[in-house]
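I have placed the structure first, in the form of structure tokens, so that the comments after it can refer back to it.
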Amino acid sequence: MHHDDDTTPHQHWRELLPWHANESLADDERQQVEEHLEGCQECRDELDELVSLQSVVAESPAGPAATEEGFQDLLASVGVVQPTRSRRARWPLLVMAGQAAAIVVLGVLLMQSQGGGSSTDAPPASFRTLSDAPEGGGLPKDEVMVRVVFSETATERAIRDLLLELDAEIAAGPTIRGAYTLKSASDRDGVLAGLRASDVVRFAEPVTTGE
Amino acid sequence: MNLEVPIRYPRVSRRVEDHLLGAPGRGAQLPPSGILLLKLATSTTSRETDAELIRRVATGDVQAFEGLYQRHHPRLIRFVRSLTKRADVAEEVANDTLVVAWQKAGDFQGRSRVSTWLMGIAYRMTMKQLRRLSRWWEDELSDEHVDPDDEGPDVAFARHEDREAIRRALEQLSPEHRAVVELTFFEDCSYKEIALVVGCPENTVKTRMFHARRRLRHLMAESTDRD
Numbered sequence: 003m004h005h006d007d008d009t010t011p012h013q014h015w016r017e018l019l020p021w022h023a024n025e026s027l028a029d030d031e032r033q034q035v036e037e038h039l040e041g042c043q044e045c046r047d048e049l050d051e052l053v054s055l056q057s058v059v060a061e062s063p064a065g066p067a068a069t070e071e072g073f074q075d076l077l078a079s080v081g082v083v084q085p086t087r088s089r090r091a092r093w094p095l096l097v098m099a100g101q102a103a104a105i106v107v108l109g110v111l112l113m114q115s116q117g118g119g120s121s122t123d124a125p126p127a128s129f130r131t132l133s134d135a136p137e138g139g140g141l142p143k144d145e146v147m148v149r150v151v152f153s154e155t156a157t158e159r160a161i162r163d164l165l166l167e168l169d170a171e172i173a174a175g176p177t178i179r180g181a182y183t184l185k186s187a188s189d190r191d192g193v194l195a196g197l198r199a200s201d202v203v204r205f206a207e208p209v210t211t212g213e
Numbered sequence: 020m021n022l023e024v025p026i027r028y029p030r031v032s033r034r035v036e037d038h039l040l041g042a043p044g045r046g047a048q049l050p051p052s053g054i055l056l057l058k059l060a061t062s063t064t065s066r067e068t069d070a071e072l073i074r075r076v077a078t079g080d081v082q083a084f085e086g087l088y089q090r091h092h093p094r095l096i097r098f099v100r101s102l103t104k105r106a107d108v109a110e111e112v113a114n115d116t117l118v119v120a121w122q123k124a125g126d127f128q129g130r131s132r133v134s135t136w137l138m139g140i141a142y143r144m145t146m147k148q149l150r151r152l153s154r155w156w157e158d159e160l161s162d163e164h165v166d167p168d169d170e171g172p173d174v175a176f177a178r179h180e181d182r183e184a185i186r187r188a189l190e191q192l193s194p195e196h197r198a199v200v201e202l203t204f205f206e207d208c209s210y211k212e213i214a215l216v217v218g219c220p221e222n223t224v225k226t227r228m229f230h231a232r233r234r235l236r237h238l239m240a241e242s243t244d245r246d
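First to last, the protein sequences are chains A and B.
Its first residue numbered 3, the first sequence is counted upward by one per residue in this note's numbering.
Its first residue numbered 20, the second sequence is counted upward by one per residue in this note's numbering.
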């Protein structure tokens with residue numbers, strides 16, 4: 003037991019009661035407080051008070067739920083992404099849909115090693131996903147993420163037109179290698195095909211995770 | 020996909036609740052029925068621990084950062100709002116805290132919980148903001164000298180039946196005292212963790228709690244006298 007010389011044992015254990023109430027004391031301290039409580043009515047009364055206080059504090063309202071809009075603003079403030087041009091509230095949809103929007107993990111090298119790298123190939127079973135893909139083997143339709151590198155000569159106007167055409171928006175980037183992550187609610191293969199067909203895109207691949 | 024699984028338990032500490040729920044944004048409260056709907060999300064970030072997320076954030080992983088944001092932004096807002104009573108300041112500090120987390124994730128040593136680290140950043144920013152806003156409760160800061168015999172009025176707030184009065188009294192605590200109460204009873208922090216968050220010795224945490232409770236008794240006694 004450690005307590006200051008000018009503190010009585012009773013006072014010492016009493017000061018620890020709030021953390022006995024929230025069950026965060028180390029085992030030895032908890033044991034010693036419990037031993038003290040057995041013989042001290044005053045501390046038992048005080049513990050009752052603390053439990054009441056705890057319940058009032060714990061039932062106070064939680065903070066407002068996090069939103070995608072708020073996150074986009076946060077990203078903008080850390081310089082990771084421009085503020086989005088359209089603020090569609092997707093999180094609630096994602097939550098309600100059980101986060102069904104699976105993001106297929108597919109590296110370009112792996113694609114190529116699987117034979118030709120056709121963008122219409124269904125993902126092999128070894129691909130890791132962020133969440134379970136929808137039943138039926140279809141590709142996720144709710145949201146896709148694609149990493150692109152734009153041509154160095156691409157104008158802002160050309161990039162903007164392309165993104166509008168594909169209903170895609172910049173979710174992150176640029177990285178130090180000049181890559182952007184795009185998000186789109188459109189069909190993944192359509193977005194990929196559209197990007198790859200464009201003169202302003204040097205490189206496009208589905209986003210992988212766990213990099 | 021999400022699964023909702025109703026479970027019943029007698030009492031569970033918030034720390035355990037965090038574990039069960041993957042540390043969500045404090046939206047869940049135990050209903051009187053004692054049945055809690057467990058949401059079992061299957062997205063990667065919701066399954067990852069805070070420490071795993073912060074490691075990924077350190078590599079510039081935006082998805083992990085989003086996971087951290089979803090998990091901690093509501094808690095940070097709630098914590099700062101309880102100290103400042105200002106929704107705008109709470110929003111600003113919560114955002115700034117996560118900006119620091121993004122920038123300094125690589126510095127996180129794992130010697131404390133990520134939530135403790137974030138709360139510490141938020142607390143320092145909050146106090147700086149309050150100083151800037153000239154809302155500084157000087158009279159509440161002299162809590163390093165405690166007279167254990169000074170109990171304040173003989174009003175035991177636990178026996179006070181009006182929970183609303185406790186709530187009103189809590190609202191009048193100084194930011195320093197409210198922080199210790201919130202961190203103890205909402206965040207379930209140990210006194211050692213609180214010392215890290217607020218940047219003071221452990222004994223000071225204990226005396227601040229002592230003073231906070233004494234102050235609550237005073238405020239409730241005043242409230243009772245007025246009624």
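All C-beta atoms, glycine included, are put in the ideal place defined by N, C-alpha and C.
Source: prediction; values computed, not measured.
Chain A beta carbons: is any one of them nearer than 8 angstroms to that of residue i?
i      : result
B/R74  : no
B/M239 : no
B/C219 : no
B/T135 : no
B/K225 : yes
B/Q89  : yes
B/D207 : yes
B/M138 : no
B/F127 : no
B/H92  : yes
B/M144 : no
B/E111 : no
B/R105 : no
B/E85  : yes
B/R151 : no
B/H230 : no
B/R97  : yes
B/V100 : The residue you asked about is not Val; residue 100 of chain B is Arg in the sequence shown. Yes, B/R100 lies at the interface with chain A (some Cβ there is under 8 angstroms from its Cβ).
Kindly indicate if chain B contains any beta-carbon less than 8 angstroms away from that of residue i.
i      : result
A/A206 : no
A/A170 : no
A/Q43  : no
A/G139 : With a pLDDT of 35 at A/G139, under the threshold of 50, the modelled position of this residue cannot be trusted, and the question is left open.
A/L39  : no
A/P20  : yes
A/T157 : no
A/R89  : Note that A/R89 scores 45 on pLDDT, short of 50, meaning its location in the model is unreliable; the coordinates nonetheless yield the value given after this. No, its Cβ sits nowhere closer than 8 angstroms to a Cβ of chain B.
A/S26  : yes
A/V151 : no
A/Q56  : yes
A/G184 : For the record, residue 184 of chain A in the displayed sequence is Leu; it is not Gly. Closer than 8 angstroms: no.
A/P66  : yes
A/L77  : yes
A/G72  : yes
A/E145 : no
A/E17  : yes
Would you call residue i buried or exposed, if buried means 16 or more other Cβ atoms sit within 10 Å of its Cβ?
i      : result
B/G129 : exposed
A/S57  : exposed
A/T183 : buried
B/L189 : buried
B/D115 : buried
B/T103 : buried
A/R16  : buried
B/Q89  : buried
A/G72  : buried
A/P208 : buried
B/G125 : exposed
Can you name the residues that DSSP bridges to residue i?
i      : result
A/H149 : The amino acid occupying residue 149 of chain A in the given sequence is Arg; His does not appear at that position. A/T183, A/E207, per the DSSP bridge assignment.
A/E171 : A/K185
Quiz prompt | Validate contact between the stretch 132 to 150 of chain B and the stretch 94 to 102 of chain B using beta carbons, cut 8 angstroms, 3 pairs | solution = yes
Quiz item: Three or more beta-carbon pairs under 8 angstroms between the stretch 217 to 232 of chain B and the stretch 9 to 27 of chain A, yes or no?
Solution: yes
Quiz item: Using 8 angstroms as the threshold, is the stretch 196 to 205 of chain B in touch with the stretch 45 to 62 of chain A, meaning 3 or more CB pairs across them?
Solution: yes
Quiz item: Is it true that the stretch 81 to 92 of chain B meets the stretch 39 to 53 of chain A, where meeting means three or more beta-carbon pairs spaced less than 8 angstroms apart?
Solution: no
Quiz item: Should the stretch 160 to 177 of chain A be called in touch with the stretch 196 to 203 of chain A, which here means at least 3 C-beta pairs below 8 angstroms?
Solution: yes
Quiz item: What are the start and end residues of each continuous alpha helix (DSSP H) run of 4 or more residues lying completely inside the stretch 106 to 136 of chain B, in chain order?
Solution: 106 to 123
Practice problem: Output the residue ranges of the beta strand (DSSP E) runs that lie fully inside the stretch 168 to 233 of chain B and measure 3 residues or longer, sorted by chain position. | Solution: none
Practice problem: Could you say if the stretch 70 to 77 of chain B and the stretch 64 to 82 of chain A meet the contact criterion of at least three C-beta pairs nearer than 8 angstroms? | Solution: no
Quiz item: In chain order, which continuous runs of the alpha helix (DSSP H) of length 4 or greater are located wholly inside the stretch 28 to 61 of chain A?
Solution: 29 to 40, 43 to 60
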